[in-house]
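Asker:
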Amino acid sequence: MVGPAHYITLSAVLFTIGVIGVLTRKNAIIVFMAIEIMLNAANLALVTFAMTIGDVAGLIMVLLVIAVAAAEAAVGLAIIVAMFRHRETVNIEAFNVLRG
Amino acid sequence: MSVPYLTLIVFLPVLGMALVAAVPGTRHDAIRRMTLAVTIAHFALSLPLWWLYKSSGAPYQLVERRPWITAFGIDYHLGVDGVTVLLVLLTTFLMPLAVLASWRYIDQHVKEYHLLMLLLTTGMLGVFVALDLFVFYVFWELMLVPMYFIIGIWGGERRIYAAVKFFLYTFIGGLLMLVAILVLYFYHYNLTGTYSYALTDLLAIDVPLRIQLGLFLTFGLAFAIKVPMFPFHTWLPDAHVEAPTAGSVILAAVLLKMGTYGFYRFAIPLFPDAARVLLPWMATLAVIGILYGAMVALVQPNIKKLVAYSSVSHLGFVMLGLFAFNVVGVQGSVIQMINHGLSTGALFFICGMLYERRHTYEIESFGGLSSVMPVFATIFMIVTLSSIGLPGLNGFVGEFLILVGMFQTHPYMAGLATVGVILAAYYMLRMFGRVMFGPIDDESNRGLPDLGRRELAVLVPIVIVIVWIGVYPKPFLDRTAPSVERFVEHVTDSGLLAVEEPIEVEAPR
Amino acid sequence: MNPELQPLIDAYRLIDPSLGAIVPVVLVSLFSIAALVADLFELGTTRGPAEGEEGLAIMAPYLSILGVVLGLVAIVWQALRLDVMAGSYFNGMIIVDGFGVFLTAVILVGTLITLLVTIGYCRRENIQLAEYYYLVLMSAVGMMLLVQSNNLVMIFAALELMSVGVYVLTGFRRRRARAIEGALKYFVLGAFSTGFLVYGMALLYGLTGTFDLAAMGVAVGAGRASPLLLAGLGLVLVGFGFKVALVPFHMWSPDVYQAAPAPITGFMATGVKTAAFAALARFLMTSFDGLASQWIPVLWVLAVLTMFVGNVAAIRQDDIKRMLAYSSIAHAGYLVVALVADSALGNAAFVYYLAAYTFMTLGAFAVVVALGVSGDESTSISRDYGGVAYRHPMLGAAMALFMFSLTGIPPTAGFFGKFAVFSAAVDAGHVGLAVLMVFASVISAYYYLRVVVAMYMGAPEGEPVRVQVPAMAVIALIATVVGVLALGIYPGGWVDLARASVAGLQHGAGLP
Amino acid sequence: MESLLWLIPAFPLAGVAINGLFGRKLGDRVVSVIGPGAVGAAFAMAAASFIALRGLPPAERLLQQTLYSWLPAGEFSASIGFQLDPLSMTMVLVVTGVGFLIHLYSVGYMHGDGGYARYFAYLNLFTFAMLLLVMADNFLLLFVGWEGVGLCSYLLIGYWFEDQAKADAGKKAFIVNRIGDFGFLLGIFLIFWTFGSVAFSDVLPEAATRLTLGGDLAFWICLFLFIGAVGKSAQIPLFVWLPDAMAGPTPVSALIHAATMVTAGVYMVARAHALYEMAPQVLALVAGIGAATALFAATIGIVQNDIKKVLAYSTISQLGYMFLGVGVAAFSAGIFHLVTHAFFKAVLFLGAGSVIHALHGEQDMRTMGGLKPKLPITYWTMLAATLAIAGVPPLAGFVSKDEILWRTWDGGHSVLWVIGFITAGLTAAYMFRLFFLTFHGSFRGTKEQWGHAHESPWTMTVPLVILGALSVVGGWIGLPAALGQPLGGIANRFEGWLAPVFEAGEHAVHEPHAIPPIEYGLMTASVAIATLGILVAYWAYLRSPDLPGRVVARSRGVYTLLYGKYFVDELYDFLIVRPFYALSRFAWRVIDDGLIDGLGVGGTGALVKRGSRIVSRWETGYVQGYAVAFFGGVFAILAYYYLFR
Amino acid sequence: MTGVDVAFWILAAISVGASLVVITNRNPVACVLFLVVAFFALAGLFVTLHSHFLAAIQVIIYAGAIMVLFLFVILLLNLGQQQWFDVSNNPLRVTAVVFGAGFLALLVGGGISGVTPTVRGPAAGISPDLLGSTGAIGAALYTAYFMPFITIALLLLLAMVGAVAIARRER
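Chains as they are written, first to last, in our numbering: chain A, 1 to 100; chain B, 101 to 609; chain C, 610 to 1121; chain D, 1122 to 1766; chain E, 1767 to 1937.
1) Buried or exposed for Ala1674 of chain D, going by 16 or more other Cβ atoms inside 10 Å?
2) Whose C-alpha, out of D:Gly1490, D:Val1539, D:Gly1732, is nearest the C-alpha of Gly1566 of chain D?
3) Identify the continuous alpha helix (DSSP H) that holds Gly1719 of chain D and give its terminal residues.
4) If the cut is a Cβ gap below 8 Å, which residues of chain D does Arg87 of chain A touch?
5) Kindly list the residues whose CB is nearer than 7 Å to the CB of Met61 of chain A, restricted to its own chain and excluding five residues on each side of it in sequence; keep chain order.
6) Are any of the Cβ atoms in chain C nearer than 9 Å to that of Ala1867 of chain E?
7) State the Cα-Cα distance for the pair Arg615 of chain B and Asp1713 of chain D, rounded to the nearest angstrom.
8) Return the Cβ separation of Val90 of chain A and Ala28 of chain A in integer angstroms, given the expectation that the two are a contact with Cβ distance under 8 Å.
9) Express the C-alpha separation of Val1390 of chain D and Val387 of chain B in angstroms, rounding to a whole number.
10) For chain D, find out if any of its Cβ atoms is closer than 9 Å to the Cβ of Thr1861 of chain E; answer yes or no.
11) What is the residue span of the alpha helix (DSSP H) that Gln1606 of chain D lies within?
12) Within the segment 346 to 414 of chain B, note down every full alpha helix (DSSP H) run reaching 4 residues or more, in order along the chain.
13) Checking 9 Å against the spacing of the C-beta atoms, do Tyr455 of chain B and Tyr205 of chain B come in under that value?
14) Which bits of chain A does Asp1771 of chain E rub up against, with CB to CB less than 8 Å?
15) Please tell me whether Ile1758 of chain D has its Cβ less than 9 Å away from any Cβ of chain C.
16) What does Gly18 of chain A reach in chain D if we use C-beta pairs closer than 9 Å?
17) Do you know whose CA, among B:Ile562, B:Leu577, B:Phe448, lies nearest Leu190 of chain B's CA?
18) Along chain D, in chain order, which residues have C-beta atoms closer than 8 Å to that of Val97 of chain A?
19) In terms of residues, what are the limits of the beta strand (DSSP E) holding Glu164 of chain B?
20) Which residues in the same chain have their Cβ closer than 6 Å to the Cβ of Ala1109 of chain C, if we skip the five residues on either side of it in sequence?
21) Run the CB neighbour count on Phe507 of chain B, radius 10 Å, all protein chains shown included, and call it buried at 16 or more, exposed below.
22) Could you compute how far the alpha carbon of Val418 of chain B sits from the alpha carbon of Met437 of chain B?
23) In three-state terms, what does DSSP make of Val120 of chain B?
24) Among B:Tyr361, B:Ala397, B:Phe480, which one has its Cα closest to the Cα of Ser433 of chain B?
25) For Ile482 of chain B, collect the residues of the same chain with a Cβ closer than 6 Å to its Cβ; drop the 5 residues on either side in sequence, then sort them by chain order.
26) In chain order, what residues of the same chain lie with their CB nearer than 8 Å to the CB of Tyr461 of chain B, ignoring the 5 residues before and after it?
27) Give the C-beta separation of Leu106 of chain B and Leu145 of chain B to the nearest angstrom, bearing in mind that I take them to be a contact with Cβ-Cβ under 8 Å.
28) Which residues, taken in chain order from the segment 1793 to 1812 of chain E, show a beta carbon closer than 8 Å to some beta carbon of chain C?
29) Is Gln208 of chain B buried or exposed, if buried means 16 or more other CB atoms sit within 10 Å of its CB?
30) For the segment 52 to 64 of chain A, which residues have a beta carbon sitting closer than 7 Å to at least one beta carbon of chain C?
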């Protein structure tokens, strides 16, 4: 019998996948996608909890997260574009002037 | 009393700063004169202290107490005892001379310099008169800043290194002390239920020995750095060598006293039992300081450095006297604080005058100056002898009392320390001989001018006091006696521990 | 009447009484939008943007300043009516209490100073875009909301509003690769941390069944906590830890601070930190007061790491913005010490320190901005700061004051702030932590002094440049100097204010 | 009278003030009036008080005056106070009297010197300090004078400071003295520790009660005091400074390093006799060191060629006699020799001075000779003094020295007597060697030296004559009973005079009868050996002048040893000075610069800087590096929560 | 094993698989598409949780809007083909995976498996379907959650302005 625990576990797995993605990919866009995966994992957890608790707050939160994701996507992609204008690449590692 | 006399004394220099600031920065002599006027006025203002303080009266007099930060029970709380009076007067007495001595030496950023000097005065006086530990700490750090600038801006080649070293040494000591103060403060609260930083309140409580030890060591560290006691002394030579003349003078004459004064007024009375337990260690460090300082001074090729190390040695005596825990010794070390202020101060003035003539401190580059500068030679000789501790001059009074006092309780310590007397003669005369005697082998020394009027004005007052204290120290001793007796009583009587038996001495009459 | 409208009417009924609570926010956001649109129609201007000039903001600066001033007025108004206004609004989303009001005021003052500094800066750098001011104000709105939010949902929203605004501001000088690089780093890591934050919130939500801080506090209760709850706590801590740059979540800040326009760096260093810290404090004190024993050790370690890594790393920085970045990391560490004390005194110290820190840091950045020249912020201590004090005595003196304040030398705000933190730590029995903080401070003294050394004891390298300090910036400098001294010389009143402000924040604990 | 005691030191002090501050403006004439005048006045005062003192019955011969309380601190207190008892009186008279004459002499000797005023200021200052020393009524004030005379000797030895060697000699004198003073100070501490006071009136009477005979306390007190005396009076092992002290102007050598200051040690032991009697073991040490020094110095004196060096060693040797005297508890005898020595040694120095003066600073006896016709007055006075020091009866030296020898024997210290006896012979020998080399034989100097050689002006000769006369008759005031009784029962007047001071001390107060014949035997013996010494000198340096050369050639090693003064200076330099310097340098370079600054401070700094480099290396600039760190942090926190909670 | 369970396992498998592809595949376009797949799967999971409205939103906004934006950018910057650089150096990848595994282990091992949320809903008699319905969410959003809603509105405006401010092409 599948219970909340399964959903949460799944969300944890997805979240971890997202994290690993962020840590390993060099393509800024894909790093960004990995972050989206993380957010979605969180969403899954939220929905699960909300439905099991029977409280709408969680669902609202999901809504907000999605909106935030959209906003971040806008800004993030803008930054990526600007970055591409400078370096003709989206390789995150091309940017390491600032250090020390 | 109705007039906030101490506040006036402490903050008059700040008012003076306003006056000096009003003078346009390009008119150097005007600035100098203004500052001189302010400092002299300041001295005049502080002079009545000598009479206003009644040695027969209360422990702390001219007390001012106003709430400052009520939330933390912090009061603006000032007061003087006999020792404070002397130190305050010493400070105000030296400031005009310091300004005079900087007349030629400081030729750039003149305005900033004099402003800082005045600020420094306020800081130092505040430290002396503060009766509230928080206020004390505030002034303690406040005094640090102008000194840092004075060394760092108007100093020699390695001035920045010296300034930063000086700053960091004092700063770390101070902050640790702050933590200790807080611990004591909260301990006092838990005992009494009232929040207070007032020395008088904190003296009233009994702190268990275990805590006392920790706190004493922390306070002690802060003060030991300032004194400076071996092995926390290495900032001193650098600071002295690099600082401008007036800087070194004030550093030696006043700032170092804050260390010993801190022990006298705070560390020891607050934690008497710890002080007694640690006495052997402190005394040992003091003795090491005496001998070590003297030995290192002996091999210095640089006059200023030599004098600096001699300070380490002299301050060792002061510490030794404090830890004699009997009236004789403590009286001695109190007088010795003043003496050191005068004679070492004068020595640094003299170094400055040599420097202004030859732009070097290297002993080797002098020699035979006596024949070209007889007056200078005489004064230099007198000061040297006073620093050697020749009877009839001030130095002897302090050292002798200290040693007698210490001998009562710790004969061997005193015996060892007495060796310092020999060494003092050795390194000072060696330096003096190399600088003043012998043939003039460096042509550039031949034409040196003797002391000018300004320089005489700087040195003669000091010499007068040097002789005065040497011949007739009674007024000074009388002034401090009650406070010192109270100190000794407090330390030896306060009760967790039995005093480790001093050999009983009852006069046969 | 039209039943269709019924829900809206209900909504309004529900909202109406709460509006008083958000007057400042409303004012500021309105003026931000006004600033955005005003110049679209080139109001009050006869000419278009000159060559090399990017955009043309005539009204925006003044509108935004006006907005912030009005916001401040509103805050004062709230503060005065606190006794009647105190309470939670919008279904517990927004809370009005001393803590919130005080820190909102701090943030608004910070914003105001930032704006004053910015105007001259933008004119110099030829980036006269209304967006700039709009973004500053919007992030400010985010901060204000963050300080006042009493619900994780609200916290999340406000946090994002603030952050996204700052991301953009960081990369605002987009012609510079560095700026974009900074923005990218900030953005990627920010989003990354958001992920953790959200997940943590999700876990807390799942285990307590609510996002409301107070309710969560009840649900959490005291005693044993389930590991998962602690995990949630941990992840949320991490989320905030990133925003306030606690080691090891601090790595972004030096790069970002260096990349951002100097005024914005100051803004981030003060506003963002203040807001995030406020939220963190509220979260811990309200929701996890019962489990203090669980987060104190963690924060203890983080505090030590932060203080030391920040200070130690700062020592070898030559770029003053980067140096100040590390220094602000270190100061975050000191603030955490105040939190670790977990007492009324600790919170008072915390609030006081935030105020003091805002003044001195913004002051320092104001000087940094003032010393820059067009196209070159000239932030190299060794190269650009040599002998500055003699070219610009006032700037030098001010900078020295700020440096000493940051070091913690009396009689400055910084000193008393440190003193308060020490007191809190010692009072709470964390003497060891206090001592560690001492050593950290001593290390910090070294690099703060370096600036003073350069200005007063160093010589200018090459051709020394004299700069013209715009009137607005002068005002900002005076304000910060006065602030630093006022908080330092007469801390009494401020301390009382701080104490009053945190009175409700946490249960129990006798004062000072 | 008592109320005027202060005048005695006050006069010289006034002299110091006037000459020191205004001397240059006043000019030499005035200075040469004020300088000697001040001391003369002091002498007058002293004479007056002497009469006053004589007026009192022996029992209470004591004048006292306390000026003010100097160091009142807690239970300690010391006053500026003077006392005159017979002992002090004697010293005061010697100091002022001989002092006056030497001042007078200086007027001629220092004539035309650049620092004329400075010289007299110093000399007056010395007189003042010396008077302080002998008139003090407590140990501390005594110490003040003690240091004061040390200072003056430093200043006067280094008077010609342009000459590095002379300046260094002064420094050496001061520092070696300081070593002695170190002992003296400890002595004072211990006295205060024991008696709770440093006033003679408290300490000395209490000695017998508070100290146990031969007890440790007594031992240490006396030992420390004696170390002081050793330093001041140039005894083994601290005698090294005195020969160098001859660098000073000759009158200074006469006054300070012969007549007065160096004898302060003897005075101090005599003054503290009450303590010493409680410490026989120290007394024995005193006697031993005295005798040893006497012989040791004499042997060196025999081979020196510098006329003043010879006198210097002879002084050391004579001081040895004095200590021998006090060492065998013959305090008055010691003091007596002190007095007579003051007379004839002053003459010898002044005479040598006038010789040097005549030869324009030549001091090497090998280039002198046959000066008798040139310097008649000097010659005759020198002869008298030489005979006196050689111990030829009935001159002063014979009387006093023989008293000491007899007491030594009488006290049962036969070994010490033998040493003293031999020394007597050596003394006669080297003194006459000096005498013959200087005045007899043929002149060995250059022509123009011979040409310029002339007798000195009256200011120099008058003192010579007076002192010469004194060194002839001066001994008769202390004629020992052994001689006195046969001559019609004259008791030892001097002893009687000092009796009130020492009576406690005189173990064997000699009733005027039962003179053991042995005493006469010893007396003749010492006369004999003195004559022998003279004859040897006569033989070696007048009859066959080549003899010394052959002797030297035969015993090269011994000669170099003696001529090199047993290389004591070198020894000290090697054993003490150099190692001490090495240690100091070690302290500076290694401990200070190396350990504390380098390792401690610098080390910490380096550590922090290193840490700084490491920490900022973490900021690689790669976002994902940061992300990893971030994630590491998350991981750590969770791990903590899961594993440790 | 009910139908819902089957659906869960299938969707879970799809979402995990797709996500894995996203973080491993070198081709951005492929990544985007697989991400869309993953999102669809998640939407499905929402449905199994009776949260229909959110499922719809998930599909429309995420898959519809955001992902398209991604795709748009990728094509705009002409990054369609494989990116040679997009290989992280091994140590980094290893650490990441290790940390990740550990993290997951902690989360799951730390009690997720046994998580039993405080269930209120059914007790309160609210049916899941009603709870997940548009009406319920809307009502809450415009009343109780008014402030966050407004805030997010401001955020979106700000994001727009910001994106323009940064990505606007040079004058």
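Where a beta carbon is used, it is the ideal one built from N, C-alpha and C, also for glycine.
Answerer: Per the coordinate set shown:
1) exposed
2) D:Gly1490
3) Note, Gly1719 of chain D: premise wrong, no alpha helix (DSSP H); not H, not E.
4) Correct list: empty, because the minimum Cβ distance to chain D is about 14 Å.
5) Leu46
6) no
7) In the structure as shown, chain B begins at 101 and stops at 609. Residue 615 of chain B is therefore absent and cannot be evaluated.
8) 5 Å
9) 31 Å
10) yes
11) Segment: none, Gln1606 of chain D is in no alpha helix (DSSP H) and carries neither H nor E.
12) 356 to 362, 372 to 398
13) yes
14) Met1, Val2
15) yes
16) Those do not exist, as Gly18 of chain A stays about 11 Å from chain D at its closest Cβ, beyond 9 Å.
17) B:Ile562
18) Gly1742
19) 161 to 169
20) Gly707
21) buried
22) 7 Å
23) helix
24) B:Tyr361
25) Val563
26) Val341, Asn402, Ile403, Lys404, Lys405, Cys451, Leu454, Tyr455
27) Actually they do not touch by this definition, with Cβ atoms about 11 Å apart.
28) none
29) exposed
30) Ile53, Asp55, Ala57, Gly58, Ile60, Met61, Leu64
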